[in-house]
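In the numbering used here, the protein residues as written are 213 to 328.
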């Protein structure tokens, strides 16, 4: 499975973006799908993820502002980013994990830049 992320860009603080991640194969076997981000000089961190049952998990810093969703029929996972802050700036990576094969997949990353 290959993951292709898109939708990043430059936005002013308070603005919104929507990130898309398209998988080359079926995501039905993926127990978890989500998004991580890496800011300059910092480690990669979990932003949000959703499991096969639809349960979601968010980083405290994005709760109430970001929404993750997945469409198994379309093999996509999306991240809606609202009320963006400069500290949300970073490269956002799509991620998928199969608890069946124990394999983790990463997309190539998409840049999100929030100006103050």
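Glycine included, every Cβ here is placed at the ideal spot set by N, Cα and C. On a predicted model such as this, the values are computed, not experimentally measured, just so you know.
Below 8 Å on the Cβ atoms is my contact criterion, and I expect residue 293 with residue 241 to pass it. Report the Cβ-Cβ distance as a whole number of Å. Looking up residue 293 in the chain shown gives position 81. Looking up residue 241 in the chain shown gives position 29. Residue 293 to residue 241, Cβ: 27 Å. No contact.
List, from N- to C-terminal side, the beta strand (DSSP E) runs of 3 residues or more that fit wholly inside the stretch 281 to 312. 288 to 293, 302 to 310
Top-ranked residue by Cα proximity to residue 218, from 224, 286, 232: Residue 218 sits at position 6 when you count from the first residue of the chain shown. Selected option, being the one with the closest Cα: 232.
List the endpoints of the continuous beta strand (DSSP E) containing residue 229. By 1-based counting over the chain shown, the position of residue 229 is 17. Unbroken beta strand (DSSP E) run through residue 229: 229 to 235.
Evaluate residue 312 with the Cβ neighbour count: other Cβ atoms within 10 Å of its Cβ, from every protein chain shown; 16 or more gives buried, anything less gives exposed. In the chain shown, residue 312 corresponds to position 100, counting from 1. Residue 312 is exposed by the Cβ-count criterion.
Skipping 5 residues on each side, what residues in its chain have a beta carbon closer than 7 Å to that of residue 215? Mapped onto the chain shown, residue 215 falls at position 3. 233, 235, 306, 308, 317, 318, 319, listed in sequence order.
With 16 other Cβ atoms within 10 Å as the buried cut-off, status of residue 300: Indexing the chain shown from 1 puts residue 300 at position 88. Buried.
By Cβ distance below 8 Å, which residues in the same chain neighbour residue 225 in space, the five residues on each side in sequence not counted? Locating residue 225 in the chain shown gives position 13, counting from the first residue. If we look at residue 225 and ignore the five residues flanking it on each side, its Cβ neighbours are 296, 297, 298, 326, 327, 328.
So what does DSSP say about residue 239, is it helix, strand or coil? For the purposes of this step, residue 239 is taken as residue 27 along the chain shown, with counting starting at 1. In the structure shown, residue 239 sits in coil (DSSP, three-state: anything other than H, G, I, E or B).
Between the alpha carbons of residue 315 and residue 237, how many angstroms are there, rounded? As a position in the chain shown, residue 315 is number 103, starting the count at 1. As a position in the chain shown, residue 237 is number 25, starting the count at 1. The straight-line gap from Cα to Cα measures roughly 14 Å.
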